[in-house]
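Q: Structure in structure tokens, see below.
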Amino acid sequence: MHVWQPPQLAVEPAGVAFMGISGPDEWAEPIEDALLADQPSRWRLIAAEQLESPANIRLVSGFEEEPNDMAVSAAARREGLRYLLHGEILQATGHEDRDDKVSLSWRLTGLQADAESAGMPVSVDEALISQRYPHLLNIPDVAERTRRAVVLETKRLLAASVDRQQVTLASPRLSPGSRAIRRGNELARSGNWPAAEQRWQQVLESHPRNAAALINASIAAAARQDFTVAKERVTDAVRWSAFSPVNKSLAEETLFWIEMRQRDYHNAFDLPPPPEGWLISRGE
1 MHVWQPPQLA VEPAGVAFMG ISGPDEWAEP IEDALLADQP SRWRLIAAEQ
51 LESPANIRLV SGFEEEPNDM AVSAAARREG LRYLLHGEIL QATGHEDRDD
101 KVSLSWRLTG LQADAESAGM PVSVDEALIS QRYPHLLNIP DVAERTRRAV
151 VLETKRLLAA SVDRQQVTLA SPRLSPGSRA IRRGNELARS GNWPAAEQRW
201 QQVLESHPRN AAALINASIA AAARQDFTVA KERVTDAVRW SAFSPVNKSL
251 AEETLFWIEM RQRDYHNAFD LPPPPEGWLI SRGE
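The sequence shown begins at 1 in my numbering and counts up one residue at a time.
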């Protein structure tokens, strides 16, 4: 199933002077263009050369084509920007006939006293693309799909993103409603969570204490971000599975998983704690 994940860098969205990416042009330029064209949610990236005339922000010695950090910093502060963002390609290997691997280091430098600096590497290869971005496998050009994956991985550093996770569904065999529950499981595996939830709820209408149906219905509620209902259902599952060690263990694991996903969701969108509070995990 798909769940929301908070940004990997713990910084508030803000205006940024984008210094570009150091490294081979065939990798750096398309990634730069893509980030400026489709920016991370709630961020404002401005190319460094747009802040002032190019002559005022170029180095007078050394790498003449690179922006001068000091000059850009001054111009960025005048524009009210809070950060400089610079990338460096550490590794770029591959060929059009074989897998590519790209490693890139990002550095976010604070320009204000309360703007903390941060940094993190991004590494992309075919295995990561297959796992996290399978839709990119439809792009025949290996280098192009690798570049697009680098852009998506970079945006995960700064903005909330959707991640794929595996969950364990209860799959009873002999208890009342077992066949309907397993049919709901098949629907969930195919991605049809609304239909799966409906099937499990039908079981609960006839057997309201069915722990397996409660566990699975709680996961379905979490899939649509209704964490209050999800925790109510799975808490009932814990209660009604006292004499079923298998269901009780899965219900407790599911309760923990749901609350962690709720935490991720609240962190991703900077939300306050839920009205019912946190049941098992503690805030920092």
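Every residue, glycine too, gets a C-beta built ideally from N, C-alpha and C.
Small disclaimer: the values here were computed from a predicted structure and weren't measured.
1. Quick one: Cα of residue 96 to Cα of residue 24, how far?
2. DSSP three-state call for residue 133: helix, strand or coil?
3. My assumption, with CB atoms under 8 Å, is that residue 214 sits in contact with residue 188. Please give the rounded CB distance.
4. Assuming residue 4 and residue 167 make a contact with CB atoms under 8 Å, what is their CB distance in whole Å?
5. Output the boundary residues of the beta strand (DSSP E) element that contains residue 161.
6. Is DSSP giving residue 90 helix, strand or coil here?
7. Are there three or more Cβ pairs, one per stretch, closer than 8 Å when the stretch 175-185 is compared with the stretch 199-208?
8. Compute the Euclidean distance between the alpha carbons of residue 253 and residue 45, then round it to the nearest angstrom.
9. Quickly, what does DSSP pair residue 46 with across the bridge? List them, please.
10. Can you tell me the Cα-Cα spacing of residue 275 and residue 113, whole angstroms?
11. Tell me whether residue 262 is buried or exposed, calling it buried when 16 or more other Cβ atoms sit within 10 Å of its Cβ.
12. Rounding to the nearest angstrom, what Cα-Cα distance links residue 141 and residue 116 in this structure?
13. Helix, strand or coil for residue 172 per DSSP?
14. Nearest-angstrom Cα distance between residue 235 and residue 201?
15. Classify residue 228 as buried or exposed, calling it buried when 16 or more other Cβ atoms lie within 10 Å of its own Cβ.
16. Assuming residue 86 and residue 107 make a contact with CB atoms under 8 Å, what is their CB distance in whole Å?
17. Find out if the Cβ-Cβ distance for the pair residue 155, residue 249 is shorter than 9 Å.
18. If I follow the unbroken alpha helix (DSSP H) through residue 218, where does it start and stop?
19. Classify residue 207 as helix, strand or coil using the three-state DSSP reduction.
20. If you follow the beta strand (DSSP E) that residue 122 is part of, which residue opens it and which one closes it?
21. Mapping the DSSP letters down to three states, classify residue 38 as helix, strand or coil.
22. Give the C-beta separation of residue 197 and residue 220 to the nearest angstrom, bearing in mind that I take them to be a contact with Cβ-Cβ under 8 Å.
A: Here's the rundown:
1. Taking the sequence shown and counting its residues from 1, one reaches residue 96 at position 96. Taking the sequence shown and counting its residues from 1, one reaches residue 24 at position 24. Any reading at residue 96 must be qualified, since the residue scores a pLDDT of 47, below 50, and its modelled position is unreliable; the value itself is stated next. When rounded, the distance between both Cα atoms is 16 Å.
2. The sequence position of residue 133 within the sequence shown is 133, counting from 1. Correct three-state label for residue 133: coil.
3. Locating residue 214 in the sequence shown gives position 214, counting from the first residue. Locating residue 188 in the sequence shown gives position 188, counting from the first residue. Contact flag wrong, Cβ pair sits at about 15 Å.
4. Here residue 4 refers to the residue found at position 4 of the sequence shown. Here residue 167 refers to the residue found at position 167 of the sequence shown. Between residue 167 and residue 4 the Cβ distance is about 15 Å, and since that is not below 8 Å, they are no contact.
5. Counting from one through the sequence shown, the residue named residue 161 turns up at place 161. First-last of the beta strand (DSSP E) with residue 161: 161-164.
6. Locating residue 90 in the sequence shown gives position 90, counting from the first residue. Here residue 90 sits in strand by DSSP.
7. yes
8. Counting from 1 along the sequence shown, the entry for residue 253 is found at position 253. Counting from 1 along the sequence shown, the entry for residue 45 is found at position 45. Answer to the nearest angstrom: the Cα atoms are 41 Å apart.
9. The residue labelled residue 46 in the question sits at position 46 within the sequence shown. Note: residue 46 sits in a beta bridge opposite 17.
10. Here the question's residue 275 lines up with position 275 in the sequence shown. Here the question's residue 113 lines up with position 113 in the sequence shown. Cα to Cα, the separation comes out at about 34 Å.
11. Locating residue 262 in the sequence shown gives position 262, counting from the first residue. Burial call: buried.
12. By one-based count along the sequence shown, residue 141 stands at place 141. By one-based count along the sequence shown, residue 116 stands at place 116. Computed Cα separation, rounded: 38 Å.
13. Within the sequence shown, numbered from 1, the residue matching residue 172 stands at position 172. The answer is coil: DSSP assigns residue 172 none of H, G, I, E or B.
14. Here residue 235 corresponds to residue number 235 of the sequence shown, with the count starting at 1. Here residue 201 corresponds to residue number 201 of the sequence shown, with the count starting at 1. Cα to Cα, the separation comes out at about 16 Å.
15. Here residue 228 is taken as the residue at index 228 of the sequence shown, counted from 1. Per the 10 Å Cβ criterion, exposed.
16. Your numbering for residue 86 matches position 86 in the sequence shown. Your numbering for residue 107 matches position 107 in the sequence shown. Contact flag correct, Cβ pair sits at about 5 Å.
17. Taking the first residue of the sequence shown as 1, we reach residue 155 at position 155. Taking the first residue of the sequence shown as 1, we reach residue 249 at position 249. No, these two residues do not count as a Cβ contact at 9 Å.
18. Position 218 of the sequence shown, counted from the start, is the residue given in the question as residue 218. First-last of the alpha helix (DSSP H) with residue 218: 211-223.
19. The sequence position of residue 207 within the sequence shown is 207, counting from 1. If DSSP states are grouped into helix, strand and coil, residue 207 belongs with coil.
20. Sequence index remark: in the sequence shown, residue 122 carries index 122 (1-based). From DSSP, the beta strand (DSSP E) with residue 122 extends over 118-124.
21. Here the question's residue 38 lines up with position 38 in the sequence shown. Correct three-state label for residue 38: coil.
22. For the purposes of this step, residue 197 is taken as residue 197 along the sequence shown, with counting starting at 1. For the purposes of this step, residue 220 is taken as residue 220 along the sequence shown, with counting starting at 1. Their Cβ separation, rounded to whole angstroms, is 4 Å, which keeps residue 197 and residue 220 in contact under 8 Å.
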